[in-house]
């Protein structure tokens, strides 16, 4: 396993876009340096030879938890909608998407 | 020897009618009123709700009923545990004022046991931090020295117990967020085995690592609270379908016949005064009849790096839900994508943004195998390393944190330095194992030192009876100047 090259400012800007975060130029400088430092520290694991070692995504394996398909009480709709930023006709209201007119 | 159990005794007094739950609640609300201005343990004090719950307990007693194991015992809740109709903010602008439409399972179980909820405690934003300084509501201060941090991320809960505002509190522990603040504040804190306490209603940070657990002044009270909140919950698909824990009943069994390993790697990075306290605790366990040896678990050296790839990866996915659509903050913009970005950029603080970006990066094409998958391989190795150690040892011992409480502001500009304060606690989360921090005297600066006892999955009874022996041998616990009798 080879250690990847050091994180760049352009990569941080790209990642921020993927994560829907807008950064100022100053934030971009600061976060690039801080995240690169953390990833440098992680180079110790990136450089280990762990060929063939299985991945553990979850320490306690619990799979296929099923329950009978029976009606149960659910969250109260009005209570849920009361916490939404904008609601119309019992639905969440959002600004236009995909360039449609609102 | 019977381990001290002030909260247990308080519940007995309330059940017998010797104490009124309302009086107990008023005493603690007064202590908060008088002292929390200088500590900021609480984001919200729910005084009226606490009085109503206490009066209901008193009525049950007056009617000859049994209000439960925690009758009238005040409890503080970390502000990432959902409380129906009561703000649950995760100390983030993103969730300011959000009132969940349901209770977390642990909150339901507390209420059913007769506990009285005092309020919601401060934390690092979305539980990301080790000092409670990333909170959008401002930092919590350590009750032992208000120029120091309480640790984190459950710093408010730890400080509330240390200051005598509440005899019990709940926190969550993803990489040490219960144990490290417990150590820095001189109280007991336990991270249970993954899956033993329901995560239903715990706002998710890193779902494969998060676990709710107790804070208390004593091991006995922590065991009592764990017994109340633990057990299977069909609302959490990762909840282990096992009998409800009964730790309190084995707490005084002692350590004779147990073999305990002091972990070399945990001592290596710790300050000399902290190491001295760990060695003194090891001596006390040997004097109580345990066989104590030093053991190397080399795999844990890679825990920190693996954790800071895995936890941000999971967080970047979990926190994608904060999009300004269904709950929490919305910052309006011309279209939905811009609204999402404006909302997230305004609502999240710097540490949360760092972790989301780090997680997004390590999960992105081209880097996933080098970073995230590699960390999951390390996780396998850590589990194997612990398994080898637990073939020979019943319990492992080490420091909880490498140092005593550090100064406010000391590490906020250097994320990696902050992350290093979790180096001894992270491996248990990666393995899903239980671990407990117990106060064991003070460091050279007079501030509390916690020692940590670790065990394999579902060994809460073993590590807590060991912790009870450590507690019994502990030199005078530095008691907070603010502390009220519990």
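Protein chains in written order, with my numbering: chain S, 13 to 114; chain E, 351 to 836.
Glycine included, C-beta positions come from ideal geometry on N, C-alpha and C.
Length of the line joining the Cα atoms of residue i and residue j
| i | j | result |
| --- | --- | --- |
| residue 622 of chain E | residue 799 of chain E | 12 Å |
| residue 25 of chain S | residue 824 of chain E | 51 Å |
| residue 673 of chain E | residue 514 of chain E | 39 Å |
| residue 22 of chain S | residue 821 of chain E | 52 Å |
| residue 17 of chain S | residue 479 of chain E | 27 Å |
| residue 28 of chain S | residue 783 of chain E | 34 Å |
| residue 752 of chain E | residue 603 of chain E | 30 Å |
| residue 835 of chain E | residue 503 of chain E | Its pLDDT being 38, under 50, residue 835 of chain E is placed unreliably in this model, and the value from its coordinates should be taken loosely. Spanning the two alpha carbons is a distance of roughly 26 Å. |
| residue 762 of chain E | residue 768 of chain E | 7 Å |
| residue 352 of chain E | residue 33 of chain S | 54 Å |
| residue 568 of chain E | residue 688 of chain E | 50 Å |
| residue 563 of chain E | residue 692 of chain E | 35 Å |
| residue 542 of chain E | residue 645 of chain E | 23 Å |
| residue 740 of chain E | residue 733 of chain E | 10 Å |
| residue 670 of chain E | residue 796 of chain E | 43 Å |
| residue 453 of chain E | residue 638 of chain E | 43 Å |
| residue 451 of chain E | residue 86 of chain S | 10 Å |
| residue 20 of chain S | residue 61 of chain S | 25 Å |
| residue 559 of chain E | residue 663 of chain E | 12 Å |
| residue 700 of chain E | residue 481 of chain E | 14 Å |
| residue 737 of chain E | residue 807 of chain E | 10 Å |
| residue 354 of chain E | residue 78 of chain S | 42 Å |
| residue 829 of chain E | residue 577 of chain E | Low local confidence applies: a pLDDT of 49 at residue 829 of chain E is under 50, so the model's placement there is unreliable, with the coordinate-based value given in what follows. Taking the straight line from one Cα to the other gives about 26 Å. |
| residue 641 of chain E | residue 608 of chain E | 6 Å |
| residue 99 of chain S | residue 93 of chain S | 7 Å |
| residue 417 of chain E | residue 566 of chain E | 21 Å |
| residue 760 of chain E | residue 749 of chain E | 21 Å |
| residue 528 of chain E | residue 561 of chain E | 9 Å |
| residue 57 of chain S | residue 66 of chain S | 15 Å |
| residue 97 of chain S | residue 461 of chain E | 30 Å |
| residue 833 of chain E | residue 532 of chain E | Here the model assigns residue 833 of chain E a pLDDT of 46, short of 50, so the residue's position is not dependable, and the following value carries that caveat. If I take the Cα positions, the gap works out to 15 Å. |
| residue 83 of chain S | residue 582 of chain E | 21 Å |
| residue 757 of chain E | residue 501 of chain E | 10 Å |
Cβ-Cβ separation, residue j to residue i (assumed contact under 8 Å), whole Å
| i | j | result |
| --- | --- | --- |
| residue 803 of chain E | residue 786 of chain E | 5 Å |
| residue 466 of chain E | residue 400 of chain E | 5 Å |
| residue 666 of chain E | residue 710 of chain E | 5 Å |
| residue 686 of chain E | residue 106 of chain S | 5 Å |
| residue 115 of chain S | residue 405 of chain E | Shown here, chain S extends from 13 to 114; a query on residue 115 of chain S therefore has no answer. |
| residue 679 of chain E | residue 446 of chain E | 7 Å |
| residue 505 of chain E | residue 490 of chain E | 4 Å |
| residue 510 of chain E | residue 391 of chain E | 4 Å |
| residue 611 of chain E | residue 594 of chain E | With 8 Å as the limit, residue 611 of chain E and residue 594 of chain E do not qualify as a contact, their Cβ atoms being about 29 Å apart. |
| residue 544 of chain E | residue 585 of chain E | Between residue 585 of chain E and residue 544 of chain E the Cβ distance is about 16 Å, and since that is not below 8 Å, they are no contact. |
| residue 421 of chain E | residue 407 of chain E | 6 Å |
| residue 444 of chain E | residue 601 of chain E | Actually they are not in contact, since the Cβ atoms of residue 444 of chain E and residue 601 of chain E sit about 40 Å apart, beyond 8 Å. |
Chain E contact residues for residue i, given Cβ-Cβ distances below 7 Å
| i | result |
| --- | --- |
| residue 32 of chain S | 690, 691 and 694 |
| residue 56 of chain S | 652 and 655 |
| residue 53 of chain S | 655 and 766 |
Beta-ladder partner(s) of residue i, from DSSP
| i | result |
| --- | --- |
| residue 493 of chain E | For residue 493 of chain E, which the question treats as bridged, DSSP gives no partner whatsoever. |
| residue 108 of chain S | E:685 |
| residue 802 of chain E | E:748 and E:787 |
| residue 644 of chain E | E:612 |
| residue 757 of chain E | E:498 |
| residue 792 of chain E | E:798 |
| residue 103 of chain S | S:100 |
Within chain S, partners of residue i - CB distance below 8 Å
| i | result |
| --- | --- |
| residue 684 of chain E | 107 and 108 |
| residue 714 of chain E | 27 and 30 |
| residue 590 of chain E | 72 and 74 |
| residue 587 of chain E | 74 and 77 |
| residue 658 of chain E | 50, 53 and 54 |
Neighbour list for residue i in chain E, Cβ cutoff strictly below 8 Å
| i | result |
| --- | --- |
| residue 23 of chain S | 711 |
Cross-chain neighbours of residue i in chain S, by beta carbon under 9 Å
| i | result |
| --- | --- |
| residue 550 of chain E | Chain S residues near residue 550 of chain E: none, gap ~13 Å exceeds 9 Å. |
Closer than 7 Å at the beta carbon, the chain S residues around residue i
| i | result |
| --- | --- |
| residue 431 of chain E | Correct list: empty, because the minimum Cβ distance to chain S is about 17 Å. |
| residue 441 of chain E | Those do not exist, as residue 441 of chain E stays about 18 Å from chain S at its closest Cβ, beyond 7 Å. |
Subject >> Residues, ordered as in the chain, of the stretch 719-750 of chain E that lie near chain S by beta-carbon distance below 7 Å >> reply: Of all residues in the stretch 719-750 of chain E, the ones placed with a Cβ closer than 7 Å to any Cβ belonging to chain S are 720, 721, 723, 724, 725, 726, 727, 728, 729, 730, 731 and 733, in chain order.
Original post:
What residues from the stretch 38-49 of chain S come within 9 Å of chain E, judged by C-beta to C-beta, listed N to C?
Top reply: Correct list: 39, 42, 43, 46, 47 and 49.
Subject >> Selection of the stretch 68-97 of chain S by Cβ proximity to chain E, strictly under 7 Å >> reply: Residues 68, 69, 70, 71, 72, 74, 77, 79, 87, 88, 91, 92, 95, 96 and 97.
Original post:
Which of the residues in the stretch 660-680 of chain E, read from start to end, lie with their CB under 7 Å from any CB of chain S?
Top reply: Under the 7 Å Cβ criterion, the stretch 660-680 of chain E contributes 666, 674, 675, 676, 677 and 680.
**OP:** Return the residues of the stretch 777-810 of chain E that lie within a Cβ-Cβ distance of less than 9 Å from chain S, sorted by chain order.
**Re:** Contacts with chain S (Cβ-Cβ distance below 9 Å) from the stretch 777-810 of chain E involve 779, 780, 781, 782, 783 and 807, listed in chain order.
Subject >> Short-range partners of chain S found in the stretch 571-583 of chain E, where Cβ spacing is below 8 Å >> reply: Listed in sequence order: no entries.
Subject >> Short-range partners of chain S found in the stretch 696-710 of chain E, where Cβ spacing is below 7 Å >> reply: Within the stretch 696-710 of chain E, the qualifying residues are 703, 704, 706, 707, 708 and 710.
Subject >> Interface positions of the stretch 445-458 of chain E facing chain S (Cβ-Cβ less than 7 Å), listed along the chain >> reply: The residues in question are 448, 449, 451 and 452.
Subject >> Contact set between the stretch 530-558 of chain E and chain S, restricted to residues whose Cβ is under 7 Å from the partner >> reply: Answer in chain order: 544, 545 and 558.
Subject >> Contact list for the stretch 466-493 of chain E against chain S, Cβ threshold 9 Å >> reply: Of all residues in the stretch 466-493 of chain E, none places a beta-carbon less than 9 Å from a beta-carbon of chain S.
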